[in-house]
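Per this note's numbering, the very first residue in the sequence shown carries number 1; after that it's consecutive. The beta carbon of each residue, even a glycine, is placed where N, CA and C say it ideally should be. Computed from a predicted model, the values in this text were never measured in an experiment.
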Amino acid sequence: MSVILQRDPLNGKFQMRRQLASLLAWLMLCNPLLAGGVPPPSMNAQQNEPDLADAARITRGKSTFDSTCAAFCHGLEPPLFIGRKGLDPDSAFTTIAEGGRGATPMPPWGDVFTRDEIWDLVAYIVFLGKQTTGQSLAPHQSDK
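Take a look at the structure:
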């Protein structure tokens, strides 16, 4: 892209400032380094998915869910995910980390929770999906 100096026929002044501003705006839009740095890498759910049936992980997920997710948004009773079979763990991880992205009002929690804490939440949600109403919500080793 070259900067061409043109004379404005209406007022006779050069439009160099306008053209330089346009060039700078174009460069900033096209080059993320000039636009403010490289965005942080997305939390990728595909990296090292842990054992979601681990009782300790499910218990930690329940604790985090009850103290944060249920306390502020989802509510304690009845648990939102009971009986929701077929929940994709990677999608659940991404939704927790990055939010609903307009599809739901779910805010992103990737800056609040660590990867392990998000996987704990996913383990608890997957565990709930295998339950039915009236069943004990305490994880057992036999749930693996």
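Burial is judged here by how many other beta carbons sit within 10 angstroms of a residue's own beta carbon; residue 81 has at least 16 and is buried.
In this structure, DSSP gives residue 119 a helical state, which the three-state scheme calls helix. DSSP places residue 112 outside both helix and strand once states are collapsed to three, so it counts as coil. By the 16-neighbour rule on beta-carbons within 10 angstroms, residue 54 is buried. Contact between residue 120 and residue 64 holds: CB atoms are separated by about 6 Å, below the 8 Å threshold. The continuous stretches of alpha helix (DSSP H) do not include residue 67, and DSSP gives it neither H nor E. Taking the Cα of residue 97 as reference, the smallest distance to any Cα among 104, 124 and 114 is reached at 114. Exclusion of the five residues before and after residue 87 leaves 81, 125, 126 and 129 as the residues of its chain whose Cβ lies within less than 8 Å of its Cβ. Note on geometry: alpha-carbon atoms of residue 95 and residue 70 lie some 16 Å from one another. Taking a 10 Å sphere around the C-beta of residue 101, we find fewer than 16 other C-beta atoms and assign the residue as exposed.
DSSP places residue 104 in no alpha helix (DSSP H); its state is neither H nor E. Relative to residue 132, the option among 56, 85 and 108 whose CA is nearest is 85.
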